[in-house]
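What follows is a short report on a single structure.
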Amino acid sequence: MFGLITRVVRVRATLCYAVLLSAVAAVMVRMDPHMQTVLIKQASTNLHNLSHGRLGTLLGSAFVVDAGPIYYWLPGLVCLLAVVELLWGTGRLVLAFGVGHIGATLLVAAGLLTAVTLGWVPHSVVHSSDVGMSYGAMAVLGVLTAAIPQRWRPTWLGWWLSMAAVVAASGQSFTDMGHVVALLLGMALATRFRAPVRWTVPTAVLCGLGGSFGFLILGDGMVSLLTGTAWGALGALTCGAFARLRMRPVVPSCQSA
1 MFGLITRVVR
11 VRATLCYAVL
21 LSAVAAVMVR
31 MDPHMQTVLI
41 KQASTNLHNL
51 SHGRLGTLLG
61 SAFVVDAGPI
71 YYWLPGLVCL
81 LAVVELLWGT
91 GRLVLAFGVG
101 HIGATLLVAA
111 GLLTAVTLGW
121 VPHSVVHSSD
131 VGMSYGAMAV
141 LGVLTAAIPQ
151 RWRPTWLGWW
161 LSMAAVVAAS
171 GQSFTDMGHV
181 VALLLGMALA
191 TRFRAPVRWT
201 VPTAVLCGLG
211 GSFGFLILGD
221 GMVSLLTGTA
231 WGALGALTCG
241 AFARLRMRPV
251 VPSCQSA
């Protein structure tokens, strides 16, 4: 019993966030479609809200998710957040999620503002909805780079960076670009995280499930998933082979006198 309580305490931020997301989702289910639209519009971190000083949306938008039924995505999110909280603690998890959620939101907003000003995208994008937990989740995924053993890290980076490049090149939506930005922010932040002392079976399982969830977020569509998988595998194999080649010891040649 004490061991169970200890484990729960170690992932308290993950569980609290999951409970809050569940509560908001339960309220939204009971709303009519018009009220749901109003709530999403008010919580959105779009250019309209940010330009009118509604900075509270930078926090509130993380608790309003319009990604379908909660049982589709909450288990994967919990696995992803829990593994980082178990490896580095609550403070580091909150930091990683906050950097991704707020940082990617502001960078995407700056990019959209520039694009609107230059006429590259229609002005209607100013009012586009932008809510959810996906930016924060992608940054948390990026932070996991620090937990990957050194010998496998090039393969890990090759996979995710190749897939991110495919998503960025396709440019289907600003949300997709936000996912890429958040992933890169998380990887940059990972340089400040120490590698865990050792892996356990539960953390390895959570990492696998959480990574799969991040893969589905980044792919966001069958075509992107298939294309991203192909290029991700190619990038992983290439980076892994190059890293092994660099690590291979050089045998000095014998020269005759």
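At position 254 of the sequence shown (counting the first as 1) the number is 254 in the UniProt record's numbering, and the numbers step up by one without a gap.
Think of the CB as a built atom: it goes at the ideal place given N, C-alpha and C, for glycine as much as any other residue.
- Between G100 and V140, the C-beta spacing is below 8 Å.
- Assignment of N46 by DSSP, reduced to helix, strand and coil, places it in the coil class.
- The Cβ-Cβ distance between F193 and R92 falls below 8 Å.
- Within the model, the alpha-carbon separation for G211 versus L74 is close to 14 Å.
- Scanning V78, G240, Y72 for the CA closest to the CA of C207 turns up V78.
- In its chain, beyond the 5 residues on either side, L58 have a beta carbon closer than 7 Å to the beta carbon of I102.
- Within a 10 Å sphere around the beta-carbon of S51 sit fewer than 16 other beta-carbons, which makes this residue exposed.
- Annotated three-state conformation of F193 is coil, per DSSP.
- When secondary structure is reduced to three states using DSSP, D130 falls in the coil class, being assigned neither helix nor strand.
- Contact annotation: G111 and V167 have beta-carbon atoms that are not nearer than 8 Å.
- Taking a 10 Å sphere around the C-beta of D32, we find fewer than 16 other C-beta atoms and assign the residue as exposed.
- Relative to V108, the option among L80, T203, H179, P154 whose CA is nearest is H179.
- Put simply, of L245, G214, R12, A13 the residue whose alpha carbon is nearest the alpha carbon of Y135 is G214.
- Counting C-beta pairs closer than 8 Å gives fewer than three between the segment 228-239 and the segment 140-149, which falls short of the contact rule.
- Under the DSSP assignment, L80 falls in the alpha helix (DSSP H) whose first and last residues are 70-88.
- Cα atoms of M187 and R153: separation of roughly 11 Å, rounded to the nearest angstrom.
- A distance below 7 Å between beta-carbons, with the five flanking residues on each side excluded, links T155 to the following residues of its chain, in chain order: A236, C239, G240.
- The beta carbon of A115 lies closer than 7 Å to those of V121 in the same chain, with the five residues before and after it left out.
- Of the other Cβ atoms in all chains shown, 16 or more fall within 10 Å of the Cβ of Y17; this residue is therefore buried.
- Taking C-beta separations shorter than 7 Å and ignoring five residues to either side along the sequence, the partners of A43 in its chain run T57, G60, S61, V64, V131, following chain order.
- Contact annotation, L157 with L183: C-beta distance approximately 11 Å; criterion of less than 8 Å not satisfied.
- Exposure of V27 is indicated by the presence of fewer than 16 other C-beta atoms within 10 angstroms of its C-beta.
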